[in-house]
Every structure is written in C-alpha cells, then in structure tokens.
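Structure record follows, encoded as structure tokens.
There are 2 protein chains.
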Amino acid sequence: MNSSLKLSNRDRAVLMKAPFLAGLGNSALVRLMSMMTISTLPARKFVMREGETADAFYCVLNGYVRLFRLSREGREADIMVCAPGETFAEHLLFSNDVYSCNAQTAEPATLARFDMQAVRDLAQQDPEIAKALISAISRHLVGTMDCIANDRLFTAPQRVANYILSRCPADGSSASIRLPFQKSLLAGMLGLAPEALSRAFSSLRRVGVTVRGRIIQVGDVQALRNI
Amino acid sequence: MNSSLKLSNRDRAVLMKAPFLAGLGNSALVRLMSMMTISTLPARKFVMREGETADAFYCVLNGYVRLFRLSREGREADIMVCAPGETFAEHLLFSNDVYSCNAQTAEPATLARFDMQAVRDLAQQDPEIAKALISAISRHLVGTMDCIANDRLFTAPQRVANYILSRCPADGSSASIRLPFQKSLLAGMLGLAPEALSRAFSSLRRVGVTVRGRIIQVGDVQALRNI
DNA sequence: GGAGGGATTTGATACCGATCAATCAAGACC
DNA sequence: GGTCTTGATTGATCGGTATCAAATCCCTCC
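Protein sequences, first through last, are from chains A and B. Taking the working numbering as reference, the numbering of the first sequence is continuous, increasing by one, and the terminal residue is 227. Taking the working numbering as reference, the numbering of the second sequence is continuous, increasing by one, and the terminal residue is 454.
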C-alpha cells in the first residue's frame, strides 16, 4: 500500500465529480480536500473490517470496492459495490460505532480517506457539507432498497436483465456494453453465485443477449425489458 | 381518515422519543412540530404510492406501516416495516423526486406528516435538524444493509431465529416475547411467504421455541444463537 | 505470440422456499 | 356465546439457485 497526499489528474477529476463533493462550494471543498489522504491499494486488500471502530470513511477514485458481510461458516454476502466517485461508510459519521461490514478492493484501487471526527466537526458548522452528507447517504439508501426489492421480486435472469438495461442508453433497439469489472463481482452484486450468473446470461441468449468476455451485446433492448 | 392538529398524550410521548426528534433542542422541536399534521388511518390504507411526487415524509406514532414495491404481475416485496417512532421517506428530502415504493398501514395507525419543502428549508438553516436527518437516514441504511445480508446469508429458520433474538433480552436462558403485529407482516419483513414463516417456526420447535398466537417462548436463548 | 493460471462455463445433484389447495384456529361482531 | 370472516397451518408439488466437480476459456505476463 502506497499512501500520499498527492492526486493524479485523473483521480482528481473523479473526486470533483463525485456526488458527495460535486455540489459543494469552493471553501467547503478545500477544507474537505485538505484533510483527506490518498492511498493506492492492490487487489483483494481489506480497507475495513467488521467490528473495527469506524474512524474513517472513503471515496473510491479508481477501481471497485466490495462491501460484504461474513457468516460464521465464512460464506460471504455482498451488500454493495462502490464504483469510482462513490463513498462508503460515511453513514457512520454520527453513530460513533464500529464498521458493520468488511470492505475489500476488487482490483487495484485508489481511495480517498476522510477522518470521521474531522468531517463530523465540519458538518456541524457547514450546512452545505451536512447537505452533501444527507445526499450521499440517501443515495445509498435508495440503492439498498432497490437491491432488496430486486432480490425479492426477480429471478436471476431478470436481475441480470435489469442490470444490463440500467447500463444501456435508454433509446435504441440494440446496444453494446462493456462490464467494468469481473463477472464474479457482478454475481455478488446481484446476490448470485458465479455459476448462476453464467446460467442467467446463457438463458438470456434466447432474447438476443450475447456475451463474450466483458462485452455484452443486446440485440433488442425492448425485448429485454419484457423479461 | 381523520386529520387533525392535535396529539393524544400517548402519541406525543412516542413522537418525543422518536430517534428523529429525540436529540433536538426545544426551538427546533417547536418549529418542526408546528408544521406537522396528524392523521389517523384505518388498516390497509395507502399512505403513499410508487411514482407519486414526494411532497411529504412521515413519522409513525401508532401502528405499523409497510413499505413495499410491486412487480408488473402484482407481486409485493416488502422493503421495510416502520414501527412507532420511526420515520419513512425522509431520505427524499433533497432529491426532489417521486416515491420509489408504496406505503400502507398494516393496521389502524396514527402518523405525523411533514411537508418536504418546509423541512428542507429548516434543515438548511438549522444544523441540529440536518444532523437529526443524517441520523434518521443512516439508521435506515443500516437496517436495509442488515436486511440484504440476512436475506443472502441465512435460511428462513435462521432469519426467524435472528428476529426472535433481536427482541429477546440479551441475558437469561429462557424468554418470552409477544409479536407486536400479525405473522404475515413478520413474514414479509423477513422476505418469506407466510407458509414459510409458519414452517420456520415449527422447525424451531426442536430448539425449544414454542409459538401460540402472538406469544413466542424460547426455552434456551443460547441454543437459538447457534442455529 | 505462447504458456500459465485464474476466471468462467457446463453438468449433475440437492436443498430451499414459493405456490396452490385444503384444513384449522382465532378474532370480531352481533 | 355463536356465527362468520380472516389469518395461520399443513401437505404436496414445482421451480430456482446453491453446491461440487470438471472442462474450457480468457487474460496476463513473459
């Protein structure tokens, strides 16, 4: 792990466009950015562990981070996957608690780390930052509620179709998208074993979905909506 | 539906202890309470519907409210059940959006209604209220994350055992609890069909769980933890 | 461009929970 | 207290997904 205070231009651009920071004025932005630290991590590196005291939250600048919980027998359940621009664990800011899940990089990743105590103090003073926090946490809540509904309402092929559609341009009859990560990560996001994801893809062939490596081609977007 | 500005003493006590309001100082409290409206609703009454513009959020004062989403075929998936003292839909405060799920009273209920625009204005001025919102939304996020992990890690009997344990005093070898609502509501909360809940209860008999009506008796709390 | 190794796919099987149908218990209401 | 409606249980069956094992693919690194 390499830790520094300096941002690459690419990472800086991601950070400035991150939902958490995007709406902020210059002074709030400077104050937040002056207290953060940047670190570059290898794949499969733990960023936080269930039960540790929650003294920081993070913003993903590059790569993907997987939040998951472990059962007693060691089985893993993904709770959320964070893409570049997304924050995680910021909802523990005012709870003075421990992390309730593990976070692990799914691939080499760059993260910005924010000290809880420092941001807590800022948020108390600056209503703009408080609002940014509300927005970020609200966004996550919407995501997890969607996730519960998807898990409970839809089968594996339907969840996969929903995911593909969410990454397709809304218009057009055919589309081609590229997965930004491994299929096993997508499987976890959708609450599936990798084998089940694979079978779901192949069952979508009959509605015109072709998969080769990370490339997914959709023959008829509208047909996919009806699955 | 009966709408009024007046609170019963009982409802007032619930409101004052609600996590959302509990930490507030007197002036914030007065301002919030002066803008809310109280309504008493019969069972199975819709409070909000998926797709409607989100112009209010609510705090449950009495009864239970079920948040759920519908599939195209009309199947329902519960996303969250709100008990007295809990708020819902407050996470849409800064998103200017539509409700993303339906809310229905599970039994006769009393709710406090807060106008989004009015609270939004208050939250911008009063950091105390902003903090209360962060806490309320964060609490919900923790709940939904737990829900995802439970769904994905545990079988029906395990989820039921977890629920029972969450309502048992931590110490003691035996315990007796009373469900505060119908079993069908509990089934929905746990992502189960009512039949599956029933079977889960009966499978827990062999670890000393006895169910009669709404009364659940646990012979050995520790044994239940190992399931 | 080719080898090596991890990721993905495919097949066989088992388990879990949904669904449908029928019975049973329990409140609610008069 | 008896009827009547609604909620809960039980049984039988089916579909969906996990799991384990083996084969294959793809990507990365040289």
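Positions of the beta carbon are idealized from the N, C-alpha and C atoms, including for glycine.
Item to check | C-beta atoms of residue 332 of chain B and residue 272 of chain B nearer than 8 Å | outcome: Position 105 of the second sequence, counting from 1, holds the residue named residue 332 of chain B. Position 45 of the second sequence, counting from 1, holds the residue named residue 272 of chain B. Their beta carbons are under 8 Å apart, which means residue 332 of chain B touches residue 272 of chain B by this criterion.
Item to check | Beta carbon proximity, residue 357 of chain B to chain A, threshold 8 Å | outcome: Numbered from 1 along the second sequence, position 130 holds the residue referred to as residue 357 of chain B. True, the Cβ-Cβ gap to chain A drops below 8 Å.
Next on the checklist: Just to confirm my understanding: we take residue 355 of chain B, look at its own chain, exclude 5 residues before and 5 after, and list those with CB closer than 7 Å. What are they?
Outcome noted: The residue you call residue 355 of chain B lines up with position 128 of the second sequence. Within the same chain, residue 355 of chain B has close Cβ partners 251, 252, 255.
Item to check | CA-to-CA distance, residue 39 of chain A to residue 384 of chain B, given in whole angstroms | outcome: Translated into positions along the second sequence, residue 384 of chain B becomes position 157. Translated into positions along the first sequence, residue 39 of chain A becomes position 39. Straight-line Cα distance between these residues: approximately 42 Å.
Checklist entry - How would you call residue 376 of chain B, buried or exposed, if buried means at least 16 neighbouring beta carbons within 10 angstroms? => result Locating residue 376 of chain B in the second sequence gives position 149, counting from the first residue. Label assigned to residue 376 of chain B: buried.
Item to check | residue 144 of chain A, DSSP secondary structure in three states | outcome: Against the first sequence, residue 144 of chain A aligns to sequence position 144. Reduced to three states, the DSSP call for residue 144 of chain A is helix.
Next on the checklist: Ignoring anything shorter than 4 residues, give me the alpha helix (DSSP H) runs that lie fully in the segment 297-340 of chain B, in order along the chain.
Outcome noted: none
Checklist entry - What span of residues does the beta strand (DSSP E) with residue 182 of chain A cover, start to end? => result Against the first sequence, residue 182 of chain A aligns to sequence position 182. Looking at the DSSP string, residue 182 of chain A is not in any beta strand (DSSP E), and its letter there is neither H nor E.
Checklist entry - Are any of the Cβ atoms in chain B nearer than 8 Å to that of residue 127 of chain A? => result Position 127 of the first sequence, counted from the start, is the residue given in the question as residue 127 of chain A. Answer yes: the Cβ-Cβ gap between residue 127 of chain A and chain B drops below 8 Å somewhere.
Item to check | Contacts of residue 293 of chain B in chain A (Cβ-Cβ under 9 Å) | outcome: The residue given as residue 293 of chain B occupies position 66 in the second sequence. Near residue 293 of chain B there are no residues of chain A at all, since even the closest Cβ is about 13 Å away, more than 9 Å.
Item to check | Per-residue burial, residue 215 of chain A [other beta carbons within 10 Å of its own, 16 or more giving buried] | outcome: For the purposes of this step, residue 215 of chain A is identified with residue 215 of the first sequence, where counting begins at 1. So residue 215 of chain A counts as exposed.
Checklist entry - To the nearest angstrom, how far is it from the Cα of residue 403 of chain B to the Cα of residue 246 of chain B? => result Position 176 of the second sequence, counted from the start, is the residue given in the question as residue 403 of chain B. Position 19 of the second sequence, counted from the start, is the residue given in the question as residue 246 of chain B. Roughly 26 Å separates the two Cα atoms.
Checklist entry - Which residues bound the alpha helix (DSSP H) around residue 120 of chain A? => result The sequence position of residue 120 of chain A within the first sequence is 120, counting from 1. Counting along the chain, the alpha helix (DSSP H) containing residue 120 of chain A begins and ends at 116-125.
Checklist entry - Counting only beta-carbon atoms, is residue 79 of chain A nearer than 8 Å to chain B? => result Taking the first sequence and counting its residues from 1, the one referred to as residue 79 of chain A is at position 79. Yes, its Cβ sits closer than 8 Å to a Cβ of chain B.
Item to check | 7 Å CB neighbourhood of residue 283 of chain B in its chain, flanking five on each side removed | outcome: As a first step, residue 283 of chain B must be located in the second sequence, where it is residue number 56. Correct list, in chain order: 340, 341, 342, 343.
Checklist entry - When burial is assigned at 16 or more other CB atoms within 10 Å of the CB, is residue 293 of chain B buried or exposed? => result Translated into positions along the second sequence, residue 293 of chain B becomes position 66. With 16 or more other Cβ atoms within 10 Å, it is buried.
Checklist entry - If we count Cβ pairs, one from each stretch, closer than 8 Å, do we get three or more for the segment 318-327 of chain B versus the segment 444-451 of chain B? => result no
Next on the checklist: Less than 8 Å between the C-beta atoms of residue 291 of chain B and residue 428 of chain B, yes or no?
Outcome noted: Along the second sequence, read from residue 1 onward, the residue named residue 291 of chain B stands at position 64. Along the second sequence, read from residue 1 onward, the residue named residue 428 of chain B stands at position 201. Against a cut-off of 8 Å, the Cβ pair of residue 428 of chain B and residue 291 of chain B comes out as no contact.
Item to check | Beta-carbon proximity check, residue 204 of chain A vs residue 160 of chain A, cutoff 8 Å | outcome: In the first sequence, counting from the first residue as 1, residue 204 of chain A sits at position 204. In the first sequence, counting from the first residue as 1, residue 160 of chain A sits at position 160. Cβ atoms of residue 204 of chain A and residue 160 of chain A: closer than 8 Å.
Next on the checklist: Check whether chain A comes within 8 Å of residue 348 of chain B, counting only Cβ atoms and requiring the distance to be less than that.
Outcome noted: Taking the first residue of the second sequence as position 1, residue 348 of chain B is located at position 121. By this cut-off, residue 348 of chain B is not an interface position.
Next on the checklist: Under 8 Å, Cβ to Cβ, is there at least one residue of chain A near residue 418 of chain B?
Outcome noted: Residue 418 of chain B sits at position 191 when you count from the first residue of the second sequence. True, the Cβ-Cβ gap to chain A drops below 8 Å.
Next on the checklist: Within 8 Å of any Cβ in chain B, is that where the Cβ of residue 94 of chain A sits?
Outcome noted: Mapped onto the first sequence, residue 94 of chain A falls at position 94. Judged by the 8 Å Cβ criterion, residue 94 of chain A is in contact with chain B.
Item to check | Extent of the continuous beta strand (DSSP E) to which residue 274 of chain B belongs | outcome: Residue numbering aside, residue 274 of chain B sits at position 47 when the second sequence is read from its first letter. That run of the beta strand (DSSP E) goes 273-275.
Checklist entry - What three-state label does DSSP hand residue 291 of chain B in the structure shown? => result Sequence index remark: in the second sequence, residue 291 of chain B carries index 64 (1-based). Coil.
Item to check | Run of the alpha helix (DSSP H) containing residue 198 of chain A, from where it starts to where it stops | outcome: Position 198 of the first sequence, counting from 1, holds the residue named residue 198 of chain A. Taken as a continuous stretch (DSSP letters only), the alpha helix (DSSP H) holding residue 198 of chain A covers 194-203.
Checklist entry - What residues from chain A crowd round residue 379 of chain B, counting only those whose CB sits closer than 7 Å? => result The residue given as residue 379 of chain B occupies position 152 in the second sequence. Near residue 379 of chain B (Cβ distances below 7 Å), the residues of chain A are 77, 191.
Next on the checklist: Against chain B, with Cβ distances strictly below 8 Å, would residue 44 of chain A count as a contact?
Outcome noted: For the purposes of this step, residue 44 of chain A is taken as residue 44 along the first sequence, with counting starting at 1. Answer no: the Cβ-Cβ gap between residue 44 of chain A and chain B never drops below 8 Å.
Checklist entry - If you count every other CB in all the chains shown that lies within 10 Å of the CB of residue 152 of chain A, and 16 or more means buried, which is it? => result Here the question's residue 152 of chain A lines up with position 152 in the first sequence. With 16 or more Cβ atoms within 10 Å of its Cβ, residue 152 of chain A is classed as buried.
Checklist entry - In or out: residue 278 of chain B buried (at least 16 other Cβ within 10 Å) or exposed? => result Taking the second sequence and counting its residues from 1, the one referred to as residue 278 of chain B is at position 51. Exposed, since its Cβ has fewer than 16 Cβ neighbours within 10 Å.
Item to check | Within chain A, partners of residue 448 of chain B - CB distance below 8 Å | outcome: Here residue 448 of chain B refers to the residue found at position 221 when the second sequence is read from its first residue. None at all; the shortest Cβ gap to chain A is about 17 Å.
Item to check | Within 8 Å of chain A by C-beta, residues of the segment 370-403 of chain B in sequence order | outcome: 371, 372, 373, 374, 375, 376, 378, 379, 380, 381
Item to check | 8 Å Cβ cutoff, residue 328 of chain B in contact with chain A | outcome: Within the second sequence, numbered from 1, the residue matching residue 328 of chain B stands at position 101. At least one chain A Cβ lies under 8 Å of residue 328 of chain B.
Checklist entry - residue 288 of chain B and residue 241 of chain B look like a contact to me (Cβ under 8 Å); what is the Cβ gap, rounded to whole Å? => result Within the second sequence, the letter at position 61 stands for residue 288 of chain B. Within the second sequence, the letter at position 14 stands for residue 241 of chain B. About 5 Å separates the two Cβ atoms, so the contact holds.
Next on the checklist: Quick check on the burial criterion: 16 or more other C-beta atoms within 10 angstroms. Buried or exposed for residue 86 of chain A?
Outcome noted: For the purposes of this step, residue 86 of chain A is taken as the residue at position 86 of the first sequence. It is buried - the Cβ of residue 86 of chain A has at least 16 other Cβ atoms within 10 Å.
Checklist entry - Is the beta carbon of residue 479 of chain B less than 8 Å from the beta carbon of residue 363 of chain B? => result Because chain B in this structure spans residues 228 to 454, residue 479 of chain B falls outside the shown range and cannot be described.
Item to check | Within chain A, the residues that residue 351 of chain B reaches when beta carbons sit closer than 8 Å | outcome: Start at 1 with the first residue of the second sequence, and residue 351 of chain B comes out as number 124. Simply 127, 131.
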